[in-house]
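Below is one structure, written out as structure tokens; comments come after it.
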Amino acid sequence: MAFRLVNSTIGIAPRLNQTVLGLKSVGNVRAVTIFQVASFHASRAAGLQTTKVVRDGASNFTPSLHLYILLLSHYRLQGFIKGSVNDAAVLPARDKFFGSYHWFFERMISISLIPLTAASVVQGAHPITDLLLGVVLPIHCHVGFDAIITDYLPARKTPTLNKLSTWGLRGATLLVLIGCYQFNTNDVGMTELVKRVWHA
0 MAFRLVNSTI GIAPRLNQTV LGLKSVGNVR AVTIFQVASF HASRAAGLQT
50 TKVVRDGASN FTPSLHLYIL LLSHYRLQGF IKGSVNDAAV LPARDKFFGS
100 YHWFFERMIS ISLIPLTAAS VVQGAHPITD LLLGVVLPIH CHVGFDAIIT
150 DYLPARKTPT LNKLSTWGLR GATLLVLIGC YQFNTNDVGM TELVKRVWHA
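The opening residue of the sequence shown carries number 0 in numbering that gives the first Met the number 0; numbering runs sequentially from there.
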């Protein structure tokens, strides 16, 4: 059934048009309804009358359009769902880098920064503290930037950009880890650097 909008003294109200466009359901294919809006008149006299549909939707309904709508309704887009509603759900394989394991790892990395930072402030520069900070801090930053890539450049919408960003982040994290190791072993270390910058 189609809807027709009418202009009356009360206002615009939908009124059910009892004409059916001649579409029948074929097998699993749903019939598609076409809605047509009537044109409105601005004159006062015409406002008291019901407007008429100037052109019926069925007159422009060609066989090619009919086939196209039937195909669209039969092969409708189902997003990224595979199978049907009757298929059993396939559980993903357990992975130590995803799910609750990944969340626990992120929390432990974040929490471990608290005693490492406190030890560096209280004890001062120490090779072991600097080495641990040089590993934990870049990994903590990597996890945060990886979450940004996952949220704003998802692989489902931007697969190429997601892959480039992910591998770029991995390369940058590796370079930072190497740089922190070199700085802690061949220079003053991270704690002493922060102390010198703080008192500069």
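Where a beta carbon is used, it is the ideal one built from N, C-alpha and C, also for glycine.
No experiment lies behind these values; they were computed from the predicted model shown.
Taking its Cβ as the centre, do 16 or more other Cβ atoms sit within 10 Å of residue i, making it buried, or is it exposed?
i: residue 170; result: exposed
i: residue 183; result: buried
i: residue 119; result: buried
i: residue 131; result: buried
i: residue 84; result: exposed
i: residue 148; result: buried
i: residue 46; result: Below a pLDDT of 50, predicted positions are generally treated as unreliable, and residue 46, at 48, falls in that range; the measurement from the model is reported next regardless. Under this definition residue 46 is an exposed residue.
Which residue comes first and which comes last in the alpha helix (DSSP H) that contains residue i?
i: residue 164; result: 158–185
i: residue 139; result: 126–151
i: residue 114; result: 99–122
i: residue 192; result: 189–197
Below 8 Å on the Cβ atoms is my guess for residue i versus residue j; work out the distance and round it to an integer in Å.
i: residue 137; j: residue 176; result: 5 Å
i: residue 99; j: residue 135; result: That belief does not hold up - the Cβ atoms of residue 99 and residue 135 are roughly 21 Å apart, past 8 Å.
Look at the alpha carbon of residue i and the alpha carbon of residue j, and state the distance between them as a whole number of angstroms.
i: residue 126; j: residue 165; result: 31 Å
i: residue 197; j: residue 190; result: 11 Å
i: residue 104; j: residue 188; result: 26 Å
i: residue 143; j: residue 160; result: 18 Å
i: residue 106; j: residue 94; result: 17 Å
i: residue 145; j: residue 124; result: 30 Å
i: residue 114; j: residue 89; result: 42 Å
i: residue 116; j: residue 150; result: 29 Å
i: residue 109; j: residue 179; result: 18 Å
i: residue 172; j: residue 141; result: 6 Å
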